[in-house]
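First residue of the sequence shown: 1, per full-length UniProt numbering; consecutive thereafter. No residue lacks a Cβ here, since even glycine has one placed at the ideal position from N, Cα and C. Owing to the predicted nature of the structure, the values given are computational and were not obtained by experimental measurement. Here is the structure we will look at.
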Amino acid sequence: MDAGHEVIASDIRLKDVDPRARKVEANLFAPSEGLFERLGSPDVCLHMAWRDGFKHNSDAHMGDLSGHYHFIKTMLDEGLRQIAVMGSMHEVGYWEGAIDENTPCHPASMYGIAKNALRESTLLLAQQHEATAQWIRAYYIVGDDARGNSIFSKLLAAAQEGKKTFPFTTGKNKYDFINVDVLAKQIAAVVSQDEVNGIINCCTGQPMSLAERVEQYIAENHLDITLDYGAFPDRPYDSPAVWGDNTKIQSIMKSAECS
Numbered sequence: 001m002d003a004g005h006e007v008i009a010s011d012i013r014l015k016d017v018d019p020r021a022r023k024v025e026a027n028l029f030a031p032s033e034g035l036f037e038r039l040g041s042p043d044v045c046l047h048m049a050w051r052d053g054f055k056h057n058s059d060a061h062m063g064d065l066s067g068h069y070h071f072i073k074t075m076l077d078e079g080l081r082q083i084a085v086m087g088s089m090h091e092v093g094y095w096e097g098a099i100d101e102n103t104p105c106h107p108a109s110m111y112g113i114a115k116n117a118l119r120e121s122t123l124l125l126a127q128q129h130e131a132t133a134q135w136i137r138a139y140y141i142v143g144d145d146a147r148g149n150s151i152f153s154k155l156l157a158a159a160q161e162g163k164k165t166f167p168f169t170t171g172k173n174k175y176d177f178i179n180v181d182v183l184a185k186q187i188a189a190v191v192s193q194d195e196v197n198g199i200i201n202c203c204t205g206q207p208m209s210l211a212e213r214v215e216q217y218i219a220e221n222h223l224d225i226t227l228d229y230g231a232f233p234d235r236p237y238d239s240p241a242v243w244g245d246n247t248k249i250q251s252i253m254k255s256a257e258c259s
């Protein structure tokens with residue numbers, strides 16, 4: 001909206017949505033005939049909805065998969081020309097090093113399996129409809145922690161409850177952390193163009209250890225809490241270091257700055 005786009009927000013509940021957006025309450029998992037027109041016949045559809053993203057083996061991931069698929073298919077069937085969907089690094093599974101669009105995917109959680117299946121079906125549907133597809137692969141998001149369910153959200157809640165220690169892993173694994181505001185700008189830039197498509201990493205391209213980033217978060221927010229290293233084991237499907245190749249998003253951001 002800051003860039004002058006007309007934005008239509010649609011979900012079952014639309015609380016806290018920017019008042020500048022046009023709001024359409026709808027159950028997107030029950031798409032009906034005429035949905036595309038009812039949603040304003042948009043030039044681009046950015047599909048971000050997902051349940052239980054922080055519960056990697058929730059039954060909701062596979063249970064909801066067909067709902068995501070039918071929504072995207074209905075929109076394309078009825079005339080959508082550009083579909084963008086939020087993906088996740090967890091589609092890839094265990095991988096050491098930088099992830100790019102050609103990195104093989106062997107997801108190791110129900111969340112990753114469902115996201116990967118939706119990615120493959122979305123790209124195929126777009127090809128069949130001769131539409132533009134952008135799969136926006138996100139990494140570790142920091143910010144808006146009071147309303148989230150990430151490790152940063154849990155740490156913040158523990159500190160606010162007066163706890164002095166926080167059970168933690170070894171913290172040695174390295175990830176690609178990105179602030180939610182930076183991520184939002186990247187996503188907006190992706191969907192505002194159609195020259196760079198396919199799998200697009202929205203990331204920093206810079207790995208940082210979990211311990212370093214969490215300690216930084218504690219310092220930035222002046223939290224009176226200490227990490228209890230080794231209280232929890234590291235997840236077996238997390239690699240020592242994994243981050244996104246930011247070549248494509250850097251190209252998109254540079255073009256956006258010049259336009």
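- Around the beta carbon of serine 66, fewer than 16 other beta carbons lie within 10 angstroms, which makes this residue exposed.
- The alpha-carbon separation between glycine 148 and glutamate 78 amounts to approximately 34 Å.
- For proline 236, the number of other beta carbons within 10 angstroms of its own is below 16, and it is reported as exposed.
- Setting aside the 5 residues that flank it on each side, isoleucine 113 is surrounded in the same chain by His61, Met62 and Pro107, each with a C-beta closer than 8 Å to its C-beta; the list follows chain order.
- Cβ contact annotation for leucine 183 (same chain, cutoff 7 Å, sequence separation greater than five): Ala138, Ile141 and Cys202, in chain order.
- Per DSSP, the continuous alpha helix (DSSP H) segment holding phenylalanine 152 begins and ends at 151-160.
- Rounded to the nearest whole angstrom, the CA to CA distance from lysine 248 to glutamate 101 is 9 Å.
- About 26 Å separates the beta carbon of valine 191 from that of tryptophan 95, a gap too long to meet the 8 Å contact definition.
- Residues Arg81 and Gln82 of the same chain have their beta carbon placed closer than 8 Å to that of aspartate 43, with the five preceding and five following residues left out of the count.
- When secondary structure is reduced to three states using DSSP, methionine 86 falls in the strand class.
- When secondary structure is reduced to three states using DSSP, serine 10 falls in the strand class.
- Fully enclosed beta strand (DSSP E) runs of no fewer than 3 residues occupy 165-167, 174-179, 198-202 and 207-209 of the stretch 147-226, in order along the chain.
- Around the Cβ of glutamate 91, a 10 Å sphere holds 16 or more other Cβ atoms; the residue is buried.
- In the same chain as aspartate 238, and ignoring 5 residues on each side of it, the C-beta atoms closer than 6 Å to its own belong to Asn173, in chain order.
- Taking C-alpha positions only, glutamate 25 is separated from threonine 170 by approximately 44 Å.
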